[in-house]
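Undergrad: Below you will find the structure I want to go over with you.
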Amino acid sequence: MKALTSDGVSRRDFVRICTMAAAAVGLSSSAAAQIAQAVARGLKPSVVWLHFQECTGCTETLLRTSTPGLAEIVLDLVSIDYHETLFAAAGHQVEAALQSAIKQNKGKYILVVEGAVPVKDDGIYCMIGGRTALEILNETAKDAGAIIAIGSCAAWGGVAAAEPNPTGATGIPDILKGKTVVSIPGCPPNPYNFLGVALQYATFGTLPRLDEQGRPLFAYGRTIHEHCPRRAHFDAGRFAEQFGDEGHRLGYCLYKLGCKGPATHANCSVLHYCEVVDAWPIGLGSPCFGCAERGIGFNVAQFQTIQIQRPTPPDTYPPIKSDQGAISPVATGIGGLIGGALIGAGYMASKKLGDGPAATEVEDPKE
Amino acid sequence: MSPHAHAAHPDTGPISGPLLTRETMAIGVVAAIGLLAIFYRFLFGLGAVTALNDGYPWGLWIAFDVVIGTALACGGYAMALLVYIANHGEYHPLVRPALVTSAFGYTIAGASVVLDVGRYWALWRVPLYFWHWNVNSVLLEVALCIMAYVLVAWLELSPAFLERGLTASSPRVRRFSAWAQPLLNRALLWIIALGLLLPTMHQSSLGSLMLLSGPRLHPLWNTPLLPLLFLVSCIGMGYGAVVMEGAISSLWLNREPEREMLAGIGRTVVPVLVFYVLLRVFDLVWRGQLDALFALDHYSVMALMELALFVAAPLMLLSTRQRRDMGNLFRAAMVLLLAGSLYRIDTFLVAFNPGPHWAYFPSLGEIAITSGLVAIEILGYIVMVRFFPILTAQRPPRPSLTAA
Amino acid sequence: MGISRRSALKALVTAGSASAAAALPNLTADAAVLPAPRPDAVGLLYDATLCIGCKACVVACADANNLQRDTAWSDGKWQAPLDLNANTKNIIKLYEDGSQSSFVKQQCMHCLDPACANACMLGALKKTEFGIVSYDPTYCVGCRYCEMACPFNVPKFEWTNAFTPKIVKCELCRHRLAEGKEPACTEVCPRRAVIFGKRADLLKEAHRRIDTAERGRYINHVYGETEAGGTQCLYLSHVPFDKIGLPDYGPVPIPNTQRTLQHGIYQGFVAPMVLYGALATVMIRNRKARASADSEEAA
Chain X
53 MKALTSDGVS RRDFVRICTM AAAAVGLSSS AAAQIAQAVA RGLKPSVVWL HFQECTGCTE
113 TLLRTSTPGL AEIVLDLVSI DYHETLFAAA GHQVEAALQS AIKQNKGKYI LVVEGAVPVK
173 DDGIYCMIGG RTALEILNET AKDAGAIIAI GSCAAWGGVA AAEPNPTGAT GIPDILKGKT
233 VVSIPGCPPN PYNFLGVALQ YATFGTLPRL DEQGRPLFAY GRTIHEHCPR RAHFDAGRFA
293 EQFGDEGHRL GYCLYKLGCK GPATHANCSV LHYCEVVDAW PIGLGSPCFG CAERGIGFNV
353 AQFQTIQIQR PTPPDTYPPI KSDQGAISPV ATGIGGLIGG ALIGAGYMAS KKLGDGPAAT
413 EVEDPKE
Chain R
4 MSPHAHAAHP DTGPISGPLL TRETMAIGVV AAIGLLAIFY RFLFGLGAVT ALNDGYPWGL
64 WIAFDVVIGT ALACGGYAMA LLVYIANHGE YHPLVRPALV TSAFGYTIAG ASVVLDVGRY
124 WALWRVPLYF WHWNVNSVLL EVALCIMAYV LVAWLELSPA FLERGLTASS PRVRRFSAWA
184 QPLLNRALLW IIALGLLLPT MHQSSLGSLM LLSGPRLHPL WNTPLLPLLF LVSCIGMGYG
244 AVVMEGAISS LWLNREPERE MLAGIGRTVV PVLVFYVLLR VFDLVWRGQL DALFALDHYS
304 VMALMELALF VAAPLMLLST RQRRDMGNLF RAAMVLLLAG SLYRIDTFLV AFNPGPHWAY
364 FPSLGEIAIT SGLVAIEILG YIVMVRFFPI LTAQRPPRPS LTAA
Chain A
59 MGISRRSALK ALVTAGSASA AAALPNLTAD AAVLPAPRPD AVGLLYDATL CIGCKACVVA
119 CADANNLQRD TAWSDGKWQA PLDLNANTKN IIKLYEDGSQ SSFVKQQCMH CLDPACANAC
179 MLGALKKTEF GIVSYDPTYC VGCRYCEMAC PFNVPKFEWT NAFTPKIVKC ELCRHRLAEG
239 KEPACTEVCP RRAVIFGKRA DLLKEAHRRI DTAERGRYIN HVYGETEAGG TQCLYLSHVP
299 FDKIGLPDYG PVPIPNTQRT LQHGIYQGFV APMVLYGALA TVMIRNRKAR ASADSEEAA
């Protein structure tokens, strides 16, 4: 606490920050108090952060906040024991730091992986300190308490794995098969998606509910389309047809410009970037690229329209008269056949009755 | 002395012949398929078996099985009018076979109702819960009348069973028949009078039923004269059914048809049909529907077809020579029955318009069940005439009349 | 010979035509008496100009009546009925025609003289308290005559229910009215586009809206005031009523023709009894005549 106050952050500010952080990731307000208490007691979980085939954008995203000092303060809630971007040290020193971090926090540290891992040719396409990324990952993952793959590259390969993928770049969950890996895809993901998972694990020792791809449901449970502010335009059939046209200026739906919102699971539409309102692609008039979704981002062309993954909930209305009742052609045919057969049989029967000499000899009883 | 004393039926007797022929077995197959379909209906419900829907809640089973079926079964009613009211005793031998068709026809119609309603297990409440009767409901009147008439028709036919019972092998049956017969003979006049009242009531009310559809019934059929039109046409159909039944049973059972009497029926029905046509045309003119009649949309075409058939039938029966020609007589009866049936199909299904977005045509299940019920009725008729004194006994037929 | 058959037939025809003649003048005359609503008659007033098509009423109705969601139109995902049916007692539909469009709420109209109640054999459908057309399955046999009768195509049948199918239709949430609440649809409507109240009050309100609104806002007519004899569910609209599924019915109640005819013929069961007596009389006379003719021949 003393360190924080010396930074110019009052206790009230600190608690407020914990509350915001907790709220942003869906933890209750009581969690905020617990976070604050844990920090005050000096209990900060260890974080080991590995970088592989990445652009460091995910690290940068954590630092890009508009509230002064937040990132540092939040990072002070955990103890970063290994981070190639943030550390000043290099070479053998920093490798030693990694080994001691692992040994001291065995079974308890949070392993964060940024970037994909190449597997082709025994993984020689990414080597650090003479060891392949594959080796480093497997060794570091062995004793980790929780594993988080941050960014699309770590989650499923991202841009590193784009066709033709000469290095065999692979996402972390596909390498650490059998282990629970929390994926936070996005290019970059919203920092609070990562922080929510990290804070929950740091405070409670638990991970949030994950989907079948290991993505936390609180952030990736719905598609952009389901929460898009421009959804009403989609439902009403109002689309921007070209960049800069009338519809584009009026903020209409960008589906026809290739927006991948309907197929992309993420929360960009509700949690914007840099803590600036509308600072996200669709908010700025650019169709969603699907950067967070395996198979969409860096795979489907930017301006290619996507098949709607789940049909639109009927914001459509039944007409005054909708066609109901079906006529079976088979039944019609058979009905006709039976009718025709009966009439035909009747006619044949009448012919049989008609011949007979007795017919002309009969006296009508009334004559 | 009752008009139905045993002496009045000296020539009737069971008709000999095998029950199982190629034809009856074929009919039996149709009946069996129908029974299977009926089983399916009870197990899986109306939605699974029928093509009925909320736009057309009444379909083949009501329009054909019940409405047309009971009209075809009006032979007993029509013959009773001729023999007991108009006092044409010479047609007496045609009464019993007509009553068989009536009894079976109405019973099958009743079975169709049980199949058609959704909550058939509650039907017993209809006749018994008189304090719940909605006297405004025409359907209630139709239902009660038909339930009563089913009983009456079998009662009217029961002398045939009792006569057979008098010569039964079991002494208990003989005793019962001997005890019951005089009682029945005394009551028979009153039962027959009931058998004349009830069809008058419900056959006309079957027409009145559709009046409640009001604006959804096409003006070509939507007339307060519906009950009268239904009544007159049903009497005509009754006579037509008698001729058909006489002719078909002669072919089937290898007998001489009752030519003189059937020709007389043909003569009797002419004024009935003429009256119907005049009434129908008068109704259309009086309500200003001539334009609609000739509009040549599908309503107009159906109505014109009806009228054409109703005009053609009497035209085929005008002269004695036409009536003496059994083949022509049979064809005229067919035309007449088609006319009446078409009128009923039109009133219940064609004229009824719930909106252009609804469609209905009977499903295979409905057709199967209807066919099965008709097959059962035919088999029942054959059993009746083979075991009970219904038809007049005859000399062996001439070779030229032998059915193939 | 006693009574000749000719005169017997004449008598029957005369009796028949007399009954018919007695009934017919009532039908041809234009004097259809409009049924009087009960003083406690309640209903709905739906203002199509206020409805936003949010369909909250559709959901609320299904909840309040414990109905299964009809999801057929959405491939099993969302409640999306196409029409009133065995799972849907209330529905919002859309009318669109070029520039004109309007939502419309459909449910039972609770007619003042309902054709369905007239049809029902044992009174399963009956006008009960507050003039609500209620349904009691105890006395229903599932004959569906009510469906044939209703001019608004309202009652629906549970076709998929094999053993205990019922008729399904709006009953103005009478179970909620009994608890002092209003119908679910009116309670939940966010724009008060459909409101609940006494029919007399709603009619007054409807006319007030027409009178005080700007020109062109409403068609100058309250649907249900006189249609089919008057209904307890009233409608205001800015598009022609027949476009939103409310046909142009006159003020004569639907059951009028049939009821007048039927009562004219069967009133007090007199005509049938007279006819029975006449039939029996003719048969007895004929029998006597035949017996005397036989004995004359024998003699």
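Protein chains in written order, with this note's numbering: chain X, 53 to 419; chain R, 4 to 407; chain A, 59 to 357.
Where is the CB? At the ideal position from N, CA and C, for every residue including glycine.
1) Please tell me whether Ala144 of chain A and Phe210 of chain A are closer than 8 Å, where the distance is taken between their beta carbons.
2) Are the segment 96-103 of chain X and the segment 156-173 of chain X in contact at 8 Å, needing three or more beta carbon pairs?
3) Using the beta-carbon count (16 or more within 10 Å), is Ala87 of chain A buried or exposed?
4) Identify the contact partners of Lys214 of chain A in chain R, using a Cβ-Cβ distance below 8 Å as the criterion.
5) For a test of your reading of the model: does the CB of Ile71 of chain R fall under 7 Å from any non-hydrogen atom of the ligand ZN? Yes or no.
6) Could you pull out every residue in the same chain whose Cβ sits closer than 8 Å to the Cβ of Tyr253 of chain X, ignoring the five residues on either side in sequence?
7) Measuring only between beta-carbons, confirm whether Asp141 of chain A sits less than 8 Å from chain X.
8) Would you kindly work out how many angstroms separate the C-alpha atoms of Val272 of chain R and Ala138 of chain A, rounded to a whole number?
9) Could you give the residue range of the alpha helix (DSSP H) that holds Ala151 of chain R?
10) Run through the DSSP bridge pairs and tell me what Arg183 of chain X is partnered with.
11) Since Ile390 of chain X contacts Ile30 of chain R with CB under 8 Å, what's their CB separation in whole angstroms?
12) Could you please give the first and the last residue of the uninterrupted beta strand (DSSP E) stretch that includes Lys185 of chain A?
13) Could you tell me whether the Cβ of Gln359 of chain X comes closer than 8 Å to any Cβ of chain A?
14) When you check each C-beta in the segment 365-392 of chain X against every C-beta of chain R, which residues fall closer than 8 Å?
15) Starting from Lys163 of chain A and walking both ways along the alpha helix (DSSP H), at which residues does that stretch end?
16) May I ask you to report which of helix, strand or coil DSSP gives Ala141 of chain X?
17) Classify Val235 of chain R as buried or exposed, calling it buried when 16 or more other Cβ atoms lie within 10 Å of its own Cβ.
18) Between the segment 64-81 of chain R and chain A, which residues of the former have a C-beta closer than 8 Å to a C-beta of the latter?
19) Quick check on Gln320 of chain A: buried or exposed, where buried means 16 or more other Cβ atoms within 10 Å of its Cβ?
20) With DSSP as the reference, please indicate the residues paired to Cys291 of chain A in a beta bridge.
21) Check the C-beta distance from Trp157 of chain R over to Ala76 of chain R and give it rounded, since I have them as a contact under 8 Å.
22) Could you list which residues in chain R have their beta carbon closer than 7 Å to that of Thr218 of chain A, in chain order?
23) Taking only three categories from DSSP, how would you classify Phe355 of chain R?
24) Closer than 9 Å by beta-carbon distance: list the chain A residues that pair up with Arg408 of chain R, in chain order.
25) Looking at the C-beta of Asn356 of chain R, does it have a partner C-beta in chain X at a distance below 8 Å?
26) Comparing C-alpha positions only, which one of A:Gly181, A:Gln290, A:Asp269, A:Val246 sits nearest to Pro195 of chain A?
27) Given a threshold of 16 other Cβ atoms within 10 Å of its Cβ, counted over all protein chains shown, does Ala403 of chain X qualify as buried or as exposed?
28) Going by C-alpha to C-alpha distance, which of A:Met179, A:Arg202, A:Ala336, A:Thr284 sits closest to Met167 of chain A?
29) Kindly indicate which residue of A:Cys169, A:Asn148, A:Thr244, A:Lys151 has the alpha-carbon position closest to the one of Tyr307 of chain A.
30) Of all Cβ atoms in chain A, is any one closer than 8 Å to the Cβ of Ile88 of chain R?
31) With DSSP collapsed to three states, give me the class of Trp101 of chain X.
32) Examine chain R for any beta-carbon lying closer than 8 Å to the beta-carbon of Gln19 of chain A, and answer yes or no.
33) List the residues of chain X whose Cβ lies closer than 9 Å to the Cβ of Ile149 of chain A, in chain order.
34) Starting from Lys227 of chain A and walking both ways along the alpha helix (DSSP H), at which residues does that stretch end?
35) Taking Ser366 of chain R as the reference, which of R:Leu186, R:Arg44, R:Ala311 has the closest Cα?
36) For chain X, check one thing: does any of its Cβ atoms lie closer than 8 Å to the Cβ of Leu231 of chain R?
TA: According to the structure shown:
1) no
2) yes
3) Only weak support exists for where Ala87 of chain A lies, its pLDDT of 42 falling under 50; the coordinates are left without a value.
4) Asp57
5) Among the ligands in the structure shown, none appear at all, so the ligand ZN cannot be discussed.
6) Pro97, Ile162, Gly197, Ala198, Leu259
7) yes
8) 57 Å
9) 141-169
10) X:Ile180
11) In fact, because the Cβ distance is near 13 Å, the residues do not count as touching under 8 Å.
12) 183-185
13) no
14) Lys373, Ser374, Asp375, Gln376, Gly377, Ala378, Ile379, Ser380, Val382, Ala383, Thr384, Ile386, Gly387, Ile390
15) No alpha helix (DSSP H) contains Lys163 of chain A, which is instead part of the beta strand (DSSP E) from 158-164.
16) coil
17) buried
18) none
19) buried
20) A:Leu102
21) Rounded, the Cβ-Cβ distance is 12 Å, inconsistent with contact.
22) Gly48, Gly50
23) strand
24) No answer is possible for residue 408 of chain R: it lies beyond the span of chain R, which begins at 4 and ends at 407.
25) no
26) A:Gly181
27) Note on identity: in this sequence residue 403 of chain X is Lys, with Ala being the wrong assignment. The residue is exposed, with fewer than 16 neighbouring Cβ atoms inside 10 Å.
28) A:Thr284
29) A:Cys169
30) yes
31) strand
32) One cannot answer for residue 19 of chain A here, as it falls past the ends of chain A, which runs 59 to 357.
33) Pro370
34) Taken as a continuous stretch (DSSP letters only), Lys227 of chain A belongs to no alpha helix (DSSP H), as it is neither H nor E.
35) R:Arg44
36) no
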